[in-house]
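First residue of the sequence shown: 1, per full-length UniProt numbering; consecutive thereafter.
Virtual Cβ for every residue (Gly too), placed ideally from N, Cα, C.
Please read all numbers here as calculations on a predicted model, not as lab measurements.
Here's the structure we're looking at; comments come further down.
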Amino acid sequence: MTDERNGLTYRDAGVDIDAGNLLVERIKPLVKATRRSGADADIGGFGGVFDPRAAGFKDPVLVAANDGVGTKLRVAIEADLHDTVGIDLVAMSVNDLVVQGAEPLFFLDYFATGKLSVDTATAVVAGIAEGCRIAGCALIGGETAEMPGMYADGDYDLAGFAVGAAERGTLLPRADVGPGDVLLGLASSGVHSNGFSLVRRIVEREGLAYGDPAPFAPETSLGAALLEPTRIYVKSLLAALKATSGIKALAHITGGGFVDNIPRVLPAGVSVRVDLSAVPALPVFGWLAKAGGIAESEMVRTFNCGIGMVIVVAADDADRVAEVLTAEGETVVRLGALEADPEGPRTHFSGALAL
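This is how it looks when you write it as structure tokens:
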């Protein structure tokens with residue numbers, strides 16, 4: 001009589017190696033499309049290789065960042081729309097690299113799930129590859145983990161890891177950030193990838209489904225509207241850094257909004273005054289504020305409110321920097337200025353959001 005205890009396979013335990021191999025084959029052309037100088041190897045080895053010298057760097061300082069997408073993934077899963085969260089994953093890390101003056105060079109991803117759906121994973125990686133293409137960095141590797149019992153059916157999680165470089169002595173913020181400098185803002189594409197626990201609570205309280213028309217954009221579904229991917233500012237900012245000498249600091253507006261993110265690049269004794277009436281508030285933020293009864297003070301500490309990147313620039317160079325960024329496709333607004341403040345760095349506000 002056969003002892004069934006000796007007849008189990010890895011697939012019986014919930015891990016399908018063949019599905020993992022199929023995924024690798026499907027994503028190879030997506031990965032190949034992100035190749036750039038310094039990264040030429042195919043995926044499938046035990047590690048990715050990048051040559052900074054081949055990328056044109058002479059004396060590089062490496063800068064690394066990692067992040068996820070947060071509970072925006074819950075929206076993607078419930079809406080069954082998986083082709084844009086990969087862009088978000090890349091954006092969250094590469095935007096953090098460029099604010100330090102670094103050019104993103106390569107990216108690695110981590111995709112974890114209970115049972116691998118090759119179609120879902122392929123859609124996610126396609127988004128990651130698109131994000132890398134937009135940012136100009138190579139997708140040189142990653143990890144797909146199938147872990148039965150760790151995730152509910154259909155659920156998955158993402159993490160991303162990016163490495164960039166800058167020539168020694170060119171990192172931001174500069175030491176001469178100070179009172180009188182001007183604050184510019186670059187428009188966001190939507191909620192980006194922060195505040196979604198609050199967004200989801202509002203959707204639930206309003207009794208909406210992600211397939212319903214979006215209250216703030218009825219021509220599209222609520223899920224698709226909320227999943228508008230995070231804008232990647234890399235190429236436009238690198239162009240402005242190359243074409244001008246006025247950019248002193250950059251701040252990526254993520255969790256913590258204006259309140260917590262801008263002071264991170266300011267020296268002691270210096271604060272910033274933001275004119276909220278200059279913020280190009282998108283309709284989604286007006287809906288969130290109204291439906292959630294969210295106070296303005298909470299909005300500016302939770303969401304980007306329409307500005308995804310903030311630039312500290314010398315006053316004499318502000319117009320030139322704005323001109324270059326506009327030519328690169330950015331919507332640029334003048335948000336305010338830096339001022340002396342013995343209790344700084346802090347963010348002060350004037351005006352009101354047009355919600």
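- By the CB criterion at 8 Å, Asn66 and Phe196 fall outside the cutoff.
- A contact is defined here as three or more CB-CB pairs under 8 Å, and the region 205-220 fails this definition with respect to the region 246-255.
- In terms of Cα proximity to Met147, the closest of Ala159, Ala126, Ala112 and Ala166 is Ala112.
- In this structure, DSSP gives Lys28 a helical state, which the three-state scheme calls helix.
- The alpha-carbon separation between Val118 and Gly164 amounts to approximately 30 Å.
- With contacts defined by Cβ atoms closer than 8 Å, Glu328 and Lys242 do not form a contacting pair.
- Our two residues, Val98 and Tyr10, have alpha carbons roughly 43 Å apart in a direct line.
- A distance below 8 Å separates the beta carbons of Ile262 and Ala251.
- Looking at the DSSP output, Leu186 shares a beta bridge with Met309 and Val332.
- Nearest to Arg334 by C-alpha distance, out of Ala214, Ala295 and Ala187, is Ala187.
- With respect to the C-alpha of Gly38, the residue from Phe107, Leu81 and Ala240 having the closest C-alpha is Phe107.
- Between Ser193 and Met92, the gap from beta carbon to beta carbon is short of 8 Å.
- The alpha-carbon separation between Leu282 and Ser271 amounts to approximately 26 Å.
- Comparing alpha carbon positions, the residue from Ala33, Ala54, Leu172 and Gly68 closest to Ala102 is Leu172.
- The residues Gly292, in chain order, have a CB closer than 8 Å to that of Arg201 in the same chain once the five nearest residues on each side in sequence are set aside.
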